[in-house]
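In this note's numbering, the protein residues as written are 38 to 345.
#1: If residue 253 and residue 175 are in contact, beta carbons under 8 angstroms, what's the gap, nearest whole angstrom?
#2: As a quick exercise: from 307, 269, 206, pick the residue whose alpha carbon is nearest that of residue 337.
#3: Let's test the definition: count the other Cβ atoms within 10 Å of the Cβ of residue 266 and tell me whether it reaches 16, buried, or not, exposed.
#4: Would you check if there are 3 or more beta carbon pairs closer than 8 angstroms linking the stretch 232-239 to the stretch 308-317?
#5: With distance defined between alpha-carbon atoms, name the residue in 332, 305, 58, 61 nearest to residue 212.
#6: Compare the C-alpha of residue 210 against each of 229, 226, 221 and name the closest.
#7: Are the CB atoms of residue 284 and residue 205 nearer to each other than 8 angstroms?
#8: Report yes if the C-beta distance between residue 243 and residue 195 is below 8 angstroms; otherwise report no.
#9: On the three-state DSSP scale, how would you describe residue 289?
#10: Over the uninterrupted beta strand (DSSP E) stretch that includes residue 190, give me the two end residues.
#11: If you scan the stretch 236-280 from start to end, which runs of the alpha helix (DSSP H) of 4 or more residues do you find wholly inside it?
#12: Could you tell me the distance, in whole angstroms, from the CA atom of residue 319 to the CA atom of residue 288?
#13: Where residue 217 and residue 258 are concerned, what is the direct C-alpha to C-alpha distance, given to the nearest angstrom?
#14: Candidates 225, 290, 286, 250: which alpha carbon is nearest residue 272's?
#15: Does DSSP put residue 229 in a helix, in a strand, or in coil?
#16: Can you pull the DSSP bridge partners for residue 224?
#17: Compute the distance between the beta-carbons of residue 179 and residue 250, then report whether it is under 8 angstroms.
#18: Would you say residue 240 reaches chain B, if we count a Cβ-Cβ gap shorter than 8 angstroms as a contact?
#19: With respect to the alpha helix (DSSP H) encompassing residue 306, which residues constitute its N-terminal and C-terminal limits?
#20: DSSP three-state call for residue 219: helix, strand or coil?
#21: Exposed or buried, which one is residue 64 when buried takes at least 16 other CB atoms within 10 Å?
#22: In the structure shown, what three-state DSSP assignment does residue 178 receive?
#23: Could you compute how far the alpha carbon of residue 60 sits from the alpha carbon of residue 67?
#24: Measuring straight from C-alpha to C-alpha, what distance separates residue 181 and residue 274?
#25: For the alpha helix (DSSP H) holding residue 208, just list the boundary residues, first then last.
#26: What is the residue span of the alpha helix (DSSP H) that residue 335 lies within?
#27: Using a Cβ-Cβ cutoff of less than 7 angstroms, which residues in the same chain neighbour residue 202 once the five nearest sequence positions on both sides are dropped?
#28: Under 8 angstroms by Cβ, that's how I've got residue 332 and residue 324 pegged, so tell me the actual separation to the nearest angstrom.
#29: Inspect the beta-carbon positions of residue 303 and residue 173 and report whether they are closer than 8 angstroms.
#30: May I ask you to report which of helix, strand or coil DSSP gives residue 322?
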């Protein structure tokens with residue numbers, strides 16, 4: 038065997054050794070990283086469980102009740118069916134469906150308040166809850182109000198969200214055609230009322246001529262849980278659940294959060310109402326596929342219907 042053949046065999050063995058070595062290293066790294074990730078996930082879940090236990094113990098020390106036992110937080114029994122049926126998320130369109138079109142569909146807004154009061158009175162677990170028949174009238178409104186059909190936009194404002202809300206309203210006005218009548222329904226704490234009135238009155242006439250506003254005061258069911266409703270999630274965020282019962286003069290409206298910006302005309306979104314019929318449905322999904330990783334089902338105290 039000459040020197041050339043020996044060199045080729047040596048190079049071949051070195052190459053095979055390098056390939057095997059690199060493969061072993063890659064296999065080791067991949068499996069080690071996967072193992073470390075699993076350990077980290079288990080550690081996070083363990084820490085979350087510990088935090089949940091600490092919060093539960095803290096609540097028991099403060100109130101003497103477990104999280105699910107406190108009567109100060111609204112439960113699923115305290116929420117009338119019309120509120121649950123009309124619960125909306127950010128940017129969801131709220132529409133009242135005519136029950137006469139389909140007897141199999143519940144028109145939540147058409148259920149008499151007297152019937153709701155009667156139901157609440159029979160609820161022995163929460164006898165202090167009464168959803169009185171009421172209507173939310175504007176505290177302040179613009180001189181001009183639309184005489185015919187208009188696009189209705191609603192927002193709820195509490196705490197330090199007034200400036201942010203004005204940015205949202207400006208974006209809606211700028212992208213919507215001046216020929217489209219718009220009504221802003223602003224539900225806010227009393228300290229913000231004059232601010233919105235002054236700011237909207239300063240808008241150029243080209244915007245004000247077809248935009249009306251109505252300013253209301255935040256209102257929750259008259260009961261011992263009113264404060265809990267207000268602080269249930271973000272400040273006043275749960276107010277949206279009561280809009281079908283409070284704004285009785287409005288058939289349909291678009292509800293958005295304060296941190297929303299519009300890049301397209303409100304009329305385009307409003308046109309979807311014309312596509313609605315008695316067969317429209319709303320769908321909800323769980324926050325997370327793995328229940329142990331969800332935040333709401335472990336820490337939140339929101340009223341709910343069904344398994345949570």
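Where is the CB? At the ideal position from N, CA and C, for every residue including glycine.
Treat the numbers as computed from the prediction; the structure is a model and nothing was measured.
This is what the structure gives:
#1: 5 angstroms
#2: 269
#3: buried
#4: no
#5: 305
#6: 221
#7: no
#8: no
#9: strand
#10: 188-194
#11: 242-245, 263-267
#12: 18 angstroms
#13: 34 angstroms
#14: 225
#15: helix
#16: 193, 253
#17: yes
#18: No chain B appears in this structure, which consists of one protein chain only.
#19: 303-307
#20: strand
#21: exposed
#22: strand
#23: 11 angstroms
#24: 29 angstroms
#25: 199-212
#26: 333-336
#27: 192, 194, 295
#28: 7 angstroms
#29: no
#30: coil
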